[in-house]
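J.:
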Ligand code: AMP
Ligand code: MG
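In this note's numbering, the protein residues as written are 2 to 328.
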């Protein structure tokens with residue numbers, strides 16, 4: 002019995018050292034400095050582009066009484082501050098909508114750290130439980146406006162990277178072929194891709210594509226606007242990175258009218274109590290028409306650096322489902 006537990010202890014200790022070494026190896030990855038430099042260049046190009054287009058930058062929030070309801074479940078992450086329940090920020094969607102109540106603000110963005118305690122099944126190549134998204138929202142925005150804006154932003158970022166990151170690309174053994182954009186991004190509807198490729202349409206379409214493209218019409222959170230001329234379809238969209246790198250951005254035109262918000266919330270049994278102040282603002286007609294989106298910085302880095310997995314874009318692992326996290 003004693004020998005056995007001693008042996009077990011030794012195995013456990015060994016495993017702990019292995020995990021520690023893994024974390025050290027990750028930090029010491031010789032490619033990491035180049036990957037981080039490319040990521041820095043992405044953020045610099047994004048800021049530059051936003052500044053030139055007069056998109057006002059806000060600071061991020063890390064916790065709030067309301068946050069993105071998401072369309073998949075994550076582990077519980079409630080926090081309490083002075084007796085009030087908060088949650089960690091999953092996305093600033095409601096804060097973007099609320100900010101645009103200010104008459105002097107038309108277009109805003111945030112480089113926004115998000116925490117989503119993803120289940121271990123999401124310990125795949127494209128999910129982290131902590132990541133950063135560039136989140137933007139435009140007053141009087143439309144889908145078409147976001148398509149044009151994002152496409153132009155992607156072109157700007159890619160051109161900047163091609164110009165500024167030659168040394169990094171050489172060190173990473175990369176060409177810039179995947180950053181050559183010829184056509185305007187194609188637009189597909191979920192129903193047409195599903196018919197063609199079945200349930201796994203996003204992955205298959207991404208694998209077949211050589212340039213980024215849009216997928217329009219997803220049934221998901223209550224705040225993405227339903228197309229009232231075509232009930233049961235939605236004015237929302239994802240930007241898909243090609244070559245199997247899949248979703249890079251999600252967004253939509255938003256519901257902002259009281260009756261629409263209530264209808265959509267009830268359809269999915271959304272907890273209205275938690276949103277009662279938000280609902281009150283909608284009832285008063287304070288919320289305005291907007292459209293926007295958010296794209297993951299690490300996912301863009303993964304595509305640009307053609308990394309095997311998103312976790313290769315981080316210094317410290319944030320891959321869901323690991324047996325232990327050192328840092
Ligand atoms: P969403 O609105 O939930 O689609 O999130 C906006 C964008 O953030 C996505 O299109 C991804 O680029 C990125 N993103 C979302 N969840 C994760 C995650 N768990 N890990 C890394 N990036 C993510
Ligand atoms: Mg999404």
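Cβ coordinates follow ideal geometry from the N, Cα and C atoms, glycine included.
1. When the Cα of residue 85 is compared with those of 150, 324, 66 and 97, which residue comes out closest?
2. Does ligand 2 have a heavy atom nearer than 7 Å to the CB of residue 251?
3. Under the three-state reduction of DSSP, which class applies to residue 80: helix, strand or coil?
4. Which value, in whole angstroms, describes the spacing of the CA atoms of residue 74 and residue 294?
5. With respect to the beta strand (DSSP E) encompassing residue 131, which residues constitute its N-terminal and C-terminal limits?
6. What do you reckon, is the C-beta of residue 6 under 7 Å from a heavy atom of ligand 4?
7. Determine the closest residue to residue 232 out of 264, 214 and 24, with distance taken between C-alpha atoms.
8. To the nearest angstrom, how far is it from the Cα of residue 311 to the Cα of residue 245?
9. Can you tell me whether residue 238 is buried or exposed? The criterion is at least 16 other CB atoms within 10 Å of its CB, across all chains shown.
10. From the DSSP output, in three-state form, read off residue 143 for me.
11. Please report the residue range of the beta strand (DSSP E) in which residue 189 lies.
12. May I ask whether a heavy atom of ligand 2 can be found less than 7 Å away from the beta carbon of residue 239?
13. Among the candidates 251, 223, 328 and 181, whose CA atom is the shortest distance from the CA of residue 271?
14. Applying the 10 Å Cβ sphere with the 16-neighbour rule, what's the burial state of residue 213?
15. Where residue 281 and residue 256 are concerned, what is the direct C-alpha to C-alpha distance, given to the nearest angstrom?
16. Alpha carbon to alpha carbon, how far is residue 92 from residue 130? Give it in angstroms, no decimals.
17. Let me check understanding here. Comparing Cα to Cα, which of 27, 104 and 19 lies closest to residue 289?
18. Let's see if you can read the secondary structure: which residues bound the alpha helix (DSSP H) around residue 207?
19. Using a threshold of 8 Å, state whether the C-beta atoms of residue 158 and residue 241 are closer than that.
20. Does the pairing of the stretch 318–326 with the stretch 151–168 give three or more beta-carbon distances under 8 Å?
21. Exposed or buried, residue 166, counting other C-beta atoms within 10 Å across all chains shown (16 or more means buried)?
22. Helix, strand or coil for residue 88 per DSSP?
23. I need the DSSP call for residue 47, collapsed to helix, strand or coil.
24. Any idea what DSSP makes of residue 264, helix, strand or coil?
25. Run through DSSP, which three-state label would residue 312 get?
26. Just to confirm my understanding: we take residue 216, look at its own chain, exclude 5 residues before and 5 after, and list those with CB closer than 7 Å. What are they?
27. Can you round the beta-carbon distance between residue 35 and residue 173 to whole angstroms, since I take them to be within the 8 Å contact cut?
T.: So, from the data block:
1. 66
2. yes
3. strand
4. 20 Å
5. 131–140
6. Among the ligands present in this structure, namely ligand 1 and ligand 2, ligand 4 is not found.
7. 264
8. 13 Å
9. buried
10. coil
11. 187–190
12. yes
13. 223
14. buried
15. 14 Å
16. 13 Å
17. 104
18. 202–209
19. no
20. no
21. buried
22. strand
23. helix
24. helix
25. helix
26. 189, 191, 194, 203, 238, 239 and 241
27. 5 Å
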